[in-house]
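Data first, discussion second: the structure below is written as structure tokens.
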Amino acid sequence: MDRDLLEVTIPQLQHYYATHKYSVSQVVDWYLARIHRYNGVYRPLEQVYDADARALAAREDRDQAAAHAALWGVPIVIKANTSIEGKVTTNGWEGFVVPGHELVAPRDATIVARLRAAGAIILGHTNMPDFANSDTTRSSSFGRTGNAYDVRFSPGGSSGGTVTAVTGNMAVLGNGTDTGNSIRMPAGTSALIGVFPTRGLVSIAGIAPLDWLLDNTGPIARNVTDAAIALGVMAGEDPLDPGTQGSAAKAQPGPYTQYLKRDALKGRRFGVPAFILAGIGIPFRGTPAVVPDMAAEKHADAEAWALDPRTRAALMKAIGELRALGATVVIDDSVLPESFARRTARVATYPYGREGTDLFLKDFGPAEYRSSADYERVMGAPLGAPMIGAEPGKAEFEYGDIRIRQRTLATDPDADRNFFGPRRRALQEYLDTMDRLHLDGYLYPSSQMPPVDETMPQYGQVTDGPHSATSWVNMLGVPAVVVVGGFYESGLPFGMEISGRPFRDGDLLGFAYAWEQGTRHRHPPELVDKGLLPD
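Written out as structure tokens, the structure reads:
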């Protein structure tokens, strides 16, 4: 079976089922065997649901004559911040796995319900850092996940568990979540396709928030076709997520596979953001309006990561390949310059963190705590700072000498100054630049540096990287897709990201497909079943 199932695509898998070469149960058993063989070394799955997966596989085998949905019999994994009915939503945090007080989901997240309805079989929950708040994958609930191409190295974060499972052929695909880079950067470190949909195209209801105003979810897959199929299943309006309202009328019509053309890059134009090449930082979650400009710029400078020479070289090589496929690439100081980065850095969401957490717990928390206040009362301890917008025991977020109290977005008189206004202006500059230069998208690395060796100190300390410069995509809510850009001399993957116009997700997938078919960069990692995984 290894020859047929390693790197199998969804269309190939469904062909095997249709011709009765393999049953769903056989395929699920094959994936579970790989998980149990390699999970002890790479640790991508925090919880494995063997019995549930086998029971569903047997049921699907009995229903072979029935009409099959898009993901019928497809083994998948779900990130640990995404609710699965009856399972613990650990969110990577030890505070949600306290015996007797676990965060057991009362129902499925919307995307989980849609994936199930399409016939997908969930194999388990994947590891992630606490609250999804890190550029690597090390959690207090489970420990560290290693990169499938070399376990010593980071898979990135926060969707590191999903990418290691999918690239290591322990699942066909999975979901990631992304508040600042957490689908895209890990996909890049692991030679995968990572899709950040236009914000509002896919519901985030049932996903524990890091920042509900920036959070997004999308598919992570080994190839563009599988990603397009999965996105079609996940997308759609949802009354539990008001951000999806009206998205059906704005989105390109499905199925997304119709946009996958080998010549989709011919005649297209892409710009390389100047601020990324210059290593100019955009602080995660932005800087509130009350913070003076000078202090805001210092904050941004402190968050900056220079573009590593190895990554710059990999990008330039990829640009040459893109041009060979018929595209034009514009590298110019006027393409999203430093002023764009400074403007985007003012899209501030810190004052509204607790509101998002309370909305999540209201609908997807356990009976004993349906709000952050309930949790603190029941547990006698606060939720983690990223979920409530303040350090434990404090009512306010401290920004130097400035104190920022949590607010409700709809009633905050400063909401336009903090969030809506800066986002509107930054998005307008993004789109105006596309119009002025006749661009179809922007092109840049998914990370500012290669994956880092977590057995060695980086910059004088244990790393929490690699780091990216892509949180601006979340702040604007525009779509982006990461493709396999190539490999570094070390043998570790280089990820290339393309962003586009809002609700033109199909076009982006088309660009990604043409790149994939024209370059064929991906090759699977060679896994080991014995080894030392450092904590």
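The numbers in the sequence shown follow our numbering, run straight up by one, and end at 656. We treat Cβ as the ideally placed atom computed from N, Cα and C, and that holds for glycine.
**OP:** Kindly indicate the opening and closing residues of the beta strand (DSSP E) around L564.
**Re:** Where L564 is concerned, the enclosing beta strand (DSSP E) stretches over G562 to P566.
Original post:
Under the DSSP definition of a beta bridge, which residues are partnered with G295?
Top reply: Residue pairing by DSSP places G295 opposite V198 and I341 in a beta bridge.
Original post:
Are the C-beta atoms of P646 and some chain C residue less than 8 Å apart?
Top reply: Considering every chain present, this structure includes no chain C. It has just one protein chain.
Subject >> The beta strand (DSSP E) enclosing S261, as first and last residue numbers >> reply: Neither: S261 is in no beta strand (DSSP E) and is coded neither H nor E.
Original post:
Which value, in whole angstroms, describes the spacing of the CA atoms of R526 and S144?
Top reply: Between R526 and S144, the alpha-carbon positions lie close to 56 Å from each other.
**OP:** Measure the Cβ-Cβ separation of V450 and L457 and say whether it is below 8 Å.
**Re:** No Cβ-Cβ contact shorter than 8 Å links V450 with L457.
Original post:
Just the Cα atoms here: how many angstroms apart are P645 and E550?
Top reply: Take the alpha-carbon of P645 and the one of E550: they are about 39 Å apart.
**OP:** Within the same chain, show all residues whose beta-carbon is closer than 6 Å to that of S146, passing over the 5 residues directly before and after it, in chain order.
**Re:** Within its own chain, the residues whose Cβ lies closer than 6 Å to the Cβ of S146, once the five positions on either side in sequence are excluded, are A178, A179 and D182, listed in chain order.
Original post:
Should H246 be labelled buried (16 or more other beta-carbon atoms within 10 Å of its own) or exposed?
Top reply: So H246 ends up on the buried side.
**OP:** Kindly indicate which three-state DSSP category P614 falls into: helix, strand or coil?
**Re:** P614: strand per DSSP, three-state reduction.
Subject >> the stretch 605-619 touching the stretch 357-365, judged by at least three CB pairs closer than 8 Å >> reply: Using a Cβ-Cβ distance cut-off of 8 Å, the stretch 605-619 and the stretch 357-365 are not in contact, since fewer than three pairs of beta carbons, one from each stretch, lie closer than that value.
Original post:
How many Å lie between G631 and T591 at the Cα?
Top reply: It is roughly 21 Å from the alpha-carbon of G631 to the alpha-carbon of T591.
Subject >> Touching by the beta-carbon criterion (3+ pairs, under 8 Å), the stretch 634-645 and the stretch 496-504 >> reply: No: fewer than three Cβ pairs fall under 8 Å.
**OP:** Can you give me the Cβ contacts of A286 inside the same chain, cut-off strictly under 7 Å, excluding the 5 residues immediately before and after it?
**Re:** Excluding residues within five positions, the ones whose Cβ falls inside 7 Å are P165, L166, V198, T247, A292 and G295.
**OP:** To the nearest angstrom, report how far apart R528 and R124 are at their CA atoms.
**Re:** Cα to Cα, the separation comes out at about 55 Å.
Subject >> Beta-carbon proximity check, P307 vs G278, cutoff 8 Å >> reply: Yes, the Cβ-Cβ distance between P307 and G278 is below 8 Å.
Original post:
Given a threshold of 16 other Cβ atoms within 10 Å of its Cβ, counted over all protein chains shown, does Y580 qualify as buried or as exposed?
Top reply: For Y580, the pLDDT reaches just 49, beneath the cut-off of 50, and the residue's location in the model is therefore unreliable, leaving the point undetermined.
**OP:** Classify D479 as buried or exposed, calling it buried when 16 or more other Cβ atoms lie within 10 Å of its own Cβ.
**Re:** Buried, because 16 or more other Cβ atoms sit within 10 Å of the Cβ of D479.
**OP:** Spell out a yes or no on whether the stretch 409-420 and the stretch 530-550 are touching, meaning 3 or more CB-CB pairs, one atom from each, closer than 8 Å.
**Re:** Contact between the stretch 409-420 and the stretch 530-550 is present, with at least three C-beta pairs closer than 8 Å.
Subject >> Counted within 10 angstroms of its Cβ, other Cβ atoms place Q133 as buried (16 or more) or exposed >> reply: Around the C-beta of Q133, fewer than 16 other C-beta atoms lie within 10 Å, and the residue is accordingly described as exposed.
**OP:** Kindly list the residues whose CB is nearer than 6 Å to the CB of R538, restricted to its own chain and excluding five residues on each side of it in sequence; keep chain order.
**Re:** Only A410 meet the Cβ criterion.
Original post:
Would the beta-carbon of T300 fall within 8 Å of that of K200?
Top reply: The Cβ atoms of T300 and K200 do not sit closer than 8 Å to each other.
**OP:** Scan the stretch 144-225 and note each continuous alpha helix (DSSP H) run of 4 residues or more that stays entirely inside, going in chain order.
**Re:** Within the stretch 144-225, the complete alpha helix (DSSP H) runs of at least 4 residues are 145-163 and 171-183.
Original post:
Between Y152 and the rest of its own chain, which residues show a CB-CB distance below 7 Å, the 5 nearest in sequence each way excluded?
Top reply: Correct list, in chain order: P196, L244, M291 and A292.
Subject >> Limits of the alpha helix (DSSP H) - the one that R475 falls within >> reply: That run of the alpha helix (DSSP H) goes G474 to F485.
Subject >> Outcome for L398 when other beta-carbon atoms lying within 10 angstroms are tallied against a minimum of 16 >> reply: Buried, since its Cβ has 16 or more Cβ neighbours within 10 Å.
Subject >> Exposed unless 16 or more other CB atoms sit within 10 angstroms - verdict on S460 >> reply: S460 should be labelled exposed.
Original post:
Name the DSSP bridge partner or partners of D362?
Top reply: For D362, which the question treats as bridged, DSSP gives the partners D359.
**OP:** Going by DSSP, name the residue or residues bridged to G367.
**Re:** Residue pairing of G367 in beta bridges, as defined by DSSP: absent, with no partner found.
Original post:
When you compare each of G486, S455 and I232 to R557 by their alpha carbons, which one comes out closest?
Top reply: Of the listed residues, the one whose Cα sits closest to R557 is S455.
Subject >> Reduced DSSP category for G581 - H, G, I as helix; E, B as strand; rest coil >> reply: For G581, the predicted structure reports a pLDDT of 48, less than 50, and the residue's modelled location is therefore unreliable. A value from the coordinates is still provided. Three-state DSSP puts G581 in coil, outside helix and strand.
**OP:** Leaving out five residues on either side along the sequence, give the residues of the same chain with a beta carbon under 6 Å from the beta carbon of M617.
**Re:** Only A439, V604 and G606 meet the Cβ criterion.
Original post:
Counting pairs of Cβ atoms below 8 Å between the stretch 373-385 and the stretch 323-330, do you hit three or more?
Top reply: Cβ pair count under 8 Å is below three, so no.
Subject >> For N539, three-class secondary structure by DSSP >> reply: If DSSP states are grouped into helix, strand and coil, N539 belongs with the helices.
Original post:
Identify the residues that DSSP records as bridge partners of F317: which are they?
Top reply: In the DSSP secondary-structure assignment, F317 is bridged to A601.
Original post:
At which residues does the alpha helix (DSSP H) containing H559 begin and terminate?
Top reply: H559 -> no alpha helix (DSSP H), and no H or E assigned at all.
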